[in-house]
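Trainee: FYI, the numbering for the sequence shown is -19 to 359, going by the working numbering.
Just so you know, even glycine gets a beta-carbon here, dropped at the ideal spot from N, CA and C.
Have a look at the structure that comes next, please.
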Amino acid sequence: MNTLNVIKTPGLYIHIPFCLSKCPYCDFYSSTSVSLIPYFLNGLFKEMERHSHRFKRFDTIYLGGGTPSLLTPKQLESILMEVRKNFHLTSTPEITMEANPADLNPVLLESIRGIGINRLNIGIQSFDERVLRFLGRRHSLNQVISAIEASRKVKFNNIGFDLIYGVPGQEMDSWLQTLRQALDFSPEHLSCYQLTFEPETPLGRRFQAREFHAPGDDLTHQFFIETSNVLSEAGYIHYEVSNFARGMEHTSKHNQKYWDHSPYLGLGPSAHSFDGHQRWWNHRSLAQYLDEIQRGNLPIEGKETLTLEQLRLEALYFGFRTKKGIHFDHFKDRYAFDLWMEKKEILRRLKAEGFLLIQHDHLSPTPQGFALSDSLALL
Ligand code: SF4
């Protein structure tokens, strides 16, 4: 029987749609008009109130963006106060905030720890100044180091670094050096993303105009496999295609919800939500978002109800991207599909070729399998 109605505690995502400057590779929605922050907060609090009848309780909160660390301690505190006013939180919620290294000063760090933020995700991207400049980042290497040291000083003990590889002209040595410098600080979590050239971004347009060459498939595959090897040797668990944790207790509980079809509520411009069957998304532009709220509406731009077939395909896609993988009985129960019976031959072949591990009633991808996860999901 399909048990998609299994109740899991939802997560709350809040999109803070402001950045001081736009990085040329980024296609997340954000505005540089920071004077609008108070108007956004007003709208956000109304949006929370309008969802409070539908979502009651959360065990994770993720402040993403954009650049949440641009907000003042008072503004950040007011967001968490409004969350607590409108919803219940479990006794030990995971509360993550994304931060730009340039913003992480001791005063901000002390205050965000004081209001209950217990996980920091720092957008470092590289320990190589040349790469930081190519990416158009507003922070310097010195600011990265000060930010990490200041975070440890106020006893943040769950810190993640975001890093980017596959930058045009970057050689393996530069990337390995960045990884080694990151490891010197023993972060609890590392997200290592391949740079992509999204067509609607300034970098994507320069790429289309052939102003530079992107690293080829062989080199990006090498970056990926080397990253997995180096971090695994350093004791990190490669638990999702791009994510590594220094122990299972440091994996992102919030992101896990996206990968296992748990419900989540997304607030703020461009945020997506999911209730187990239906997915909906907010207007991307801040002006439209605020306009809908002003008119007493939810700022929703579109919605779709996923069929069992669509949910099953997504579950396969995520199953091949996470170390947790796929449990055959749970999959059959939840998505009405006996994966082992239907795909036994191909699964055995993928195991023999080194892409999957299959033990008893469960499969999980190897690092080689992670590298091909998008195609594996089409089996
Ligand atoms: S700071 Fe982050 S969200 Fe803002 S433009 Fe740069 S990459 Fe995008």
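(1) Express the C-alpha separation of residue 275 and residue 268 in angstroms, rounding to a whole number.
(2) Just the Cα atoms here: how many angstroms apart are residue 12 and residue -1?
(3) Between the C-alpha atoms of residue 278 and residue 248, what's the straight-line distance to the nearest angstrom?
(4) Find the nearest neighbour of residue 41 within the set -10, 305 and 178, judged by alpha-carbon distance.
(5) Do the stretch 290 to 303 and the stretch 216 to 229 meet, that is, are 3 or more Cβ pairs less than 8 Å apart?
(6) Run the proximity test for residue 8: is its beta-carbon closer than 7 Å to any non-hydrogen atom belonging to the ligand GTP?
(7) Can we count residue 70 as close to the ligand SF4, meaning its CB is less than 7 Å from some heavy atom?
(8) Hey, is residue 3 close to the ligand SF4, as in C-beta under 7 Å from one of its heavy atoms?
(9) Just to check my reading of the structure: residue 356 and residue 345 have Cβ atoms closer than 8 Å, yes? What is that Cβ distance to the nearest angstrom?
(10) Consider the C-beta atom of residue 277 and the heavy atoms of the ligand SF4; say whether any pair is separated by less than 7 Å.
(11) Compute the distance between the beta-carbons of residue 53 and residue 78, then report whether it is under 8 Å.
(12) Between which two residues does the beta strand (DSSP E) holding residue 283 run?
(13) Who are the Cβ neighbours of residue -18 in its own chain at under 8 Å, not counting the five residues just before and after it?
(14) Kindly indicate the opening and closing residues of the beta strand (DSSP E) around residue 297.
(15) Where does residue 97 sit, in a helix, a strand or coil, going by DSSP?
(16) Quick check: residue 84 and residue 130, are their CB atoms within less than 8 Å of each other?
(17) For residue 78, which residues does DSSP report across the bridge?
(18) Would residue 213 be called buried (16 or more neighbouring beta carbons within 10 Å of its own) or exposed?
(19) How long is the line joining the alpha carbons of residue 92 and residue 323, rounded to whole angstroms?
(20) Please classify residue 22 as buried or exposed, where buried requires at least 16 neighbouring CB atoms within 10 angstroms.
(21) Any heavy atom of the ligand SF4 closer than 7 Å to the beta-carbon of residue -1?
(22) In the structure shown, what three-state DSSP assignment does residue 258 receive?
(23) Does the count of Cβ pairs from the stretch 136 to 147 and the stretch 103 to 110 closer than 8 Å reach three?
(24) Identify, in the order they occur along the chain, each residue of the same chain with its Cβ nearer than 8 Å to the Cβ of residue 36, setting aside the five sequence neighbours on each side.
(25) Nearest to residue 9 by CA position, among 44, 25 and 29, is which residue?
Mentor: Once the coordinates are examined:
(1) So the alpha carbons of these two residues sit roughly 11 Å apart.
(2) Taking the straight line joining both Cα atoms gives about 5 Å.
(3) Taken atom to atom, the span from the alpha-carbon of residue 278 to that of residue 248 is near 11 Å.
(4) Of the candidates -10, 305 and 178, the one whose C-alpha sits nearest the C-alpha of residue 41 is -10.
(5) With a cut-off of 8 Å, the stretch 216 to 229 and the stretch 290 to 303 count as touching, because enough Cβ pairs lie within range.
(6) You won't find the ligand GTP in this model; what it holds is the ligand SF4.
(7) Taking the Cβ of residue 70 as the reference point, every heavy atom of the ligand SF4 lies at 7 Å or farther away.
(8) Residue 3 Cβ: within cutoff of the ligand SF4.
(9) Separation of the CB atoms of residue 356 and residue 345 is rounded to 7 Å, and the pair is thereby assigned contact status at 8 Å.
(10) The answer is no for residue 277.
(11) Contact flag unset, no.
(12) DSSP places residue 283 inside the beta strand (DSSP E), whose first and last residues are 280 to 285.
(13) Residue confidence is low: residue -18 scores 45 on pLDDT, short of 50, so the model does not pin down where it sits. No coordinate-derived value is stated.
(14) No beta strand (DSSP E) holds residue 297; the alpha helix (DSSP H) holding it covers 288 to 299.
(15) Residue state, collapsed to three classes: coil.
(16) With respect to residue 130, residue 84 sits close: the two C-beta atoms are nearer than 8 Å.
(17) DSSP lists 101 as the beta-bridge partner residues of residue 78.
(18) Around the beta carbon of residue 213, fewer than 16 other beta carbons sit within 10 angstroms, so the residue counts as exposed.
(19) Using only the alpha carbons, I get a separation of about 49 Å.
(20) By the 10 Å Cβ count, residue 22 comes out exposed.
(21) At least one heavy atom of the ligand SF4 lies closer than 7 Å to the C-beta of residue -1.
(22) Strand, per DSSP.
(23) Segment contact: the stretch 136 to 147 against the stretch 103 to 110, three or more CB-CB distances shorter than 8 Å; contact assigned.
(24) The answer, listed in chain order, is 67 and 68.
(25) Of the residues 44, 25 and 29, the one whose Cα lies closest to the Cα of residue 9 is 44.
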